[in-house]
């Protein structure tokens, strides 16, 4: 009879432990489901934010492309101006050299005064 009581108590304890394990398992599954649902919401929010920002990024890309074109145009103009400046400097050097070979203007040379 004592063995039967011990066996019944043991069965009851095992049943209680089984129920506790089942509850823990269900709680774990519920917790995982809640965590996944939360991650899904966060991902959906992040995706919405990216979709909202996409037109703004496209607009910024257009502005950046326009600024790059303007900069390239200015750089090309700068190169042209530098070439023009070099040509003008060369022209000034040529004029200066030509003037030095011609000599002084008429009437300003060495004067011969009768003595």
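In my numbering, the protein residues as written are 292 to 406. Virtual Cβ for every residue (Gly too), placed ideally from N, Cα, C. Everything numeric in this text was worked out from a predicted model, so none of it was measured.
Alpha carbon of residue 359 to alpha carbon of residue 339, nearest angstrom: 30 Å
Rounded separation between residue 293 and residue 307 - CA only: 21 Å
Residue 301 versus residue 313: straight-line alpha-carbon distance, rounded: 18 Å
Alpha-carbon to alpha-carbon, residue 316 and residue 336: 30 Å
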